[in-house]
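Single-structure report; data block below.
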Amino acid sequence: MLVTGKAHKVGAHIDTDAIIPARFLVTTDTKVLGSNCMEGLEPGWVKRVSANDIMVAEENFGCGSSREHAPIAILGAGIPVVVAKSFARIFYRNGFNMGLVLLEVGDDVAKLKDGDKLEVDTEAGVIKNLSTGETIICAKVPAFMQELLDAGGLVPYVKKRLAARQ
Amino acid sequence: MPNTLAEKILQAHTDDDASEAGRIVRCRVSLVLANDITAPLAIKSFRAMGAKRVFDRDRVALVCDHFTPNKDIDSAEQVKVVREFAHEMGVTHYYEGGNVGVEHALLPELGLVGPNDIVVGADSHTCTYGGLGAFATGMGSTDIAGAMALGETWFKVPPTIRVAYEGKLEPFVGGKDLILHLIGKIGVSGALYRALEFHGAVIDALSIEGRMTMANMAIEAGGKVGLFPADEKTLAYCAAAGRTGDKPLKADAGAVYEQDLTLSVAGMQPQVACPHLPDNVRGVDELKGLRVDQAVIGSCTNGRIEDLREAAAILKGRKAHKNVRLIVLPATPKIWRQAMDEGLFSIFLDAGAVVGPPTCGPCLGGHMGILAGGERCIATTNRNFRGRMGSLESEVYLSSPAVAAASAIAGELLHPGKL
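Which chain is which? The protein sequence lines are A and B, in order.
Going by our numbering, 115 is the number at position 70 of the first sequence; the sequence numbering is gapless.
Going by our numbering, 9 is the number at position 6 of the second sequence; the sequence numbering is gapless.
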């Protein structure tokens, strides 16, 4: 998948209460959750986002609660990719399971500024900063997680395993 | 090859090789958990997976504890989804209403978790059961749906940070202070993707409740699990909860640790985590005089009977400051009754406290104690993220029950020894 969009930069240790505060957890609807994305960081944050924009974060993105509503809210806001210095563990797994692309880039995150235009090749793991001409090559997804991705995500993977047991 | 606690427990539940950090292993799970916020999404994924039944109706726990008693129509609808699913699947351990408690206080008390178990829960504080020697960790709803359907899940074997506490604890210092101190040292991502394993004379002497308080907050350092060896105290606790067949459990001598930390507790003050991250930790004396509007005593971190006794010992014969709302939430119906029978409620009510039902409630800004802009709360909960308990302009300070109680009386942050 090739994603071209504007970078929206957020800070370090962005917790899932910032991504989607608990008061919005009374629904599982993607659109409703999306319309409240990052409401715990800054009210109305989501208004700046256009479809296919990219979130860029510092370290430990998605720390805190295990709520899967967090990656769903980001997807619901129209953001298909999050690039971060590092991700919190539960969020990382959730993102994969929900089909949100997560790219861990370490210190290279400094090469991406708020408002930069980015082009991300999600399969190759290559981020081109069209505003500066710089390119970032991301670390490979762990082999087992790539297997899950190849199966189309955790839902089809479990479906296949259940069918094999019949 | 000698193994860490994490490696040992994972190995006991898998046919793969779990003897080395970084390996991917597929493990059979002992118990799968979800709550009223996370189960509805898990149920959606469960259906999408084409699953028709849960892998074992006795090994799935659905606990409606977050927005209950239902705070509004939407949350009532969510609980209804969970209830109907539980009935359809014949889930044995479904809790709502009079039998519900805060999940991580409830399940240990019911004997549903114990040493050498693997527990996965759609709640980040599932790591609490590490206090009993269980490899217990939080996951998202879809992972939990997979585990509910298959009875297994995958893990990356985590590297382990060994943490030993040495020295003699000062008065009014306990499990909450020990874990806050550690998080303050290593930071909120200090144990990212790692297991924490706790050791030392201080840990040996700590109660099971205190160990669960510590394990509960492993996730606040980014940890996957916070593990304690299972000793005689653990076995006595589990036996009292009706479990049989549990055995002592400890890491092998010579196991390989990524880091080895020894922390001295000598002279350590009660610890407080200041806004807006759990690693912003200071000694309580540094914060003396900071006005508080609310004090919350409860949650999966500190809502157990030992915590309520600790608060009651401070509050006895005293009154909360007139400007402070003091809210006490015993974490389970059993703890509630015990506190009532021990006369703790008289102490709380005489102090001017509200005693509420078992619920996660205010901890996550759900209900029963939401903060307005500019308000400050001292809480025995586990997270002080910006806006966690209400307004984005409010502040949460995290402490032990003793510090929360003393601060409620003083109307400002105060060392319980200085009342």
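No residue lacks a Cβ here, since even glycine has one placed at the ideal position from N, Cα and C.
Could you check the C-alpha separation between residue i and residue j for me, to the nearest Å?
i, j, result
"R29(B)", "F158(B)", "6 Å"
"T140(A)", "E173(B)", "The sequence as given places Gly at residue 140(A); Thr does not occur at that position. Using only the alpha carbons, I get a separation of about 44 Å."
"K55(B)", "S33(B)", "20 Å"
"C67(B)", "G369(B)", "13 Å"
"W90(A)", "H128(B)", "28 Å"
"A298(B)", "S111(A)", "26 Å"
"L193(A)", "A239(B)", "42 Å"
"A125(B)", "S144(B)", "5 Å"
"E155(B)", "V122(B)", "10 Å"
"V295(B)", "V399(B)", "10 Å"
"A194(B)", "I164(B)", "7 Å"
"K130(A)", "R321(B)", "50 Å"
"R423(B)", "G178(B)", "Residue 423(B) is absent from the structure shown; chain B starts at 4 and stops at 422."
"M392(B)", "P66(A)", "10 Å"
"N73(B)", "L109(B)", "19 Å"
"I27(B)", "Y97(B)", "32 Å"
"L157(A)", "H58(A)", "17 Å"
"G198(A)", "M143(A)", "8 Å"
Does the beta carbon of residue i sit closer than 8 Å to a beta carbon anywhere in chain A?
i, result
"I40(B)", "yes"
"Q14(B)", "no"
"A9(B)", "no"
"L367(B)", "yes"
"P43(B)", "yes"
"L199(B)", "no"
"Q262(B)", "no"
"V191(B)", "yes"
"L280(B)", "yes"
"A108(B)", "no"
"A276(B)", "no"
"D18(B)", "no"
"L153(B)", "yes"
"D75(B)", "yes"
"Q81(B)", "yes"
If we cut at 8 Å on Cβ distances, does residue i have a partner in chain B?
i, result
"C183(A)", "no"
"F106(A)", "no"
"E103(A)", "no"
"I119(A)", "no"
"P85(A)", "Before going on, a small fix: residue 85(A) reads as Gly here, not Pro. Taking Cβ atoms only, chain B reaches closer than 8 Å to G85(A), which makes this a yes."
"I124(A)", "no"
"V71(A)", "yes"
"E164(A)", "no"
"S80(A)", "no"
"N139(A)", "yes"
"E149(A)", "no"
"E113(A)", "yes"
Closer than 8 Å by beta-carbon distance: list the chain A residues that pair up with residue i, in chain order.
i, result
"Q297(B)", "The premise fails here: Q297(B) is roughly 17 Å from chain A at the closest Cβ pair, so nothing lies under 8 Å."
"L395(B)", "G85 and P88"
"L293(B)", "What L293(B) touches in chain A: nothing, since even the nearest Cβ is about 23 Å away."
Just confirm the distance between the C-beta atoms of residue i and residue j, as a whole number of angstroms; I'd bet it's less than 8 Å.
i, j, result
"H107(B)", "N219(B)", "6 Å"
"G117(B)", "C241(B)", "5 Å"
"G270(B)", "I330(B)", "Going by Cβ atoms, the distance from G270(B) to I330(B) rounds to 32 Å, so no, they are not a contact pair."
"V55(A)", "L86(A)", "7 Å"
"N81(A)", "G123(A)", "Rounded, the Cβ-Cβ distance is 13 Å, inconsistent with contact."
"C303(B)", "H69(B)", "Not confirmed; about 11 Å, so no contact."
"W339(B)", "P361(B)", "6 Å"
"L145(A)", "I119(A)", "6 Å"
Show which residues of chain A have a CB atom less than 7 Å away from the CB atom of residue i.
i, result
"F388(B)", "D60, D62, A63 and G109"
"Y196(B)", "R134"
"R391(B)", "D62"
"D126(B)", "S111"
Identify the contact partners of residue i in chain A, using a Cβ-Cβ distance below 9 Å as the criterion.
i, result
"S403(B)", "Here the premise fails: no neighbours, minimum Cβ distance about 21 Å."
"L347(B)", "Neighbours of L347(B) on chain A: none; closest Cβ ~29 Å, over 9 Å."
"S78(B)", "L70 and V71"
"A409(B)", "In chain order: nothing, as chain A lies at least about 27 Å away."
Residue i versus chain B: which residues are under 7 Å apart at the beta carbon?
i, result
"L47(A)", "Correct list: empty, because the minimum Cβ distance to chain B is about 26 Å."
"R93(A)", "Within 7 Å Cβ-Cβ: nothing; R93(A) doesn't reach chain B, min ~18 Å."
"A67(A)", "L367, G368 and G369"
"N142(A)", "G143, T145 and D146"
Identify the contact partners of residue i in chain B, using a Cβ-Cβ distance below 8 Å as the criterion.
i, result
"M100(A)", "Within chain B, no residue comes near M100(A); the closest Cβ sits about 18 Å away, beyond 8 Å."
"S131(A)", "S192 and L195"
Compute every distance between the C-beta of residue i and the non-hydrogen atoms of the ligand MG, then say whether any falls below 7 Å.
i, result
"I381(B)", "Only the bare structure without any ligand can be found here, which leaves the ligand MG out of the picture."
Discussion item. If the cut-off is 7 Å on Cβ atoms, which residues from the segment 198-211 of chain A count as contacting chain B, listed in chain order?
Written reply: Listed in sequence order: L199, V200, V203, K204, R206 and L207.
Worksheet item: Just by C-beta distance, which residues in the segment 133-149 of chain B are closer than 7 Å to chain A?
Response: Against chain A - using a Cβ distance shorter than 7 Å - the residues of the segment 133-149 of chain B are G141, M142, G143, S144, T145, D146 and G149.
Worksheet item: Got a sec: which bits of the segment 20-35 of chain B sit with their beta carbon under 8 Å from any beta carbon on chain A, in order along the chain?
Response: So the close ones are I27.
Worksheet entry | Members of the segment 214-230 of chain B that neighbour chain A once the beta carbon cut-off is set at 7 Å | Going along the segment 214-230 of chain B in chain order, one finds G225 and K227 with a Cβ nearer than 7 Å to chain A.
Item to complete: Identify each residue in the segment 42-65 of chain B for which the Cβ-Cβ distance to at least one residue of chain A is less than 7 Å, and report them in chain order.
Response: Listed in sequence order: P43, L44, K47, S48, A51, M52, G53 and A54.
Worksheet entry | chain A contacts made by the segment 241-266 of chain B, where a contact means CB separation under 9 Å | Considering only beta carbons, no part of the segment 241-266 of chain B lies closer than 9 Å to chain A.
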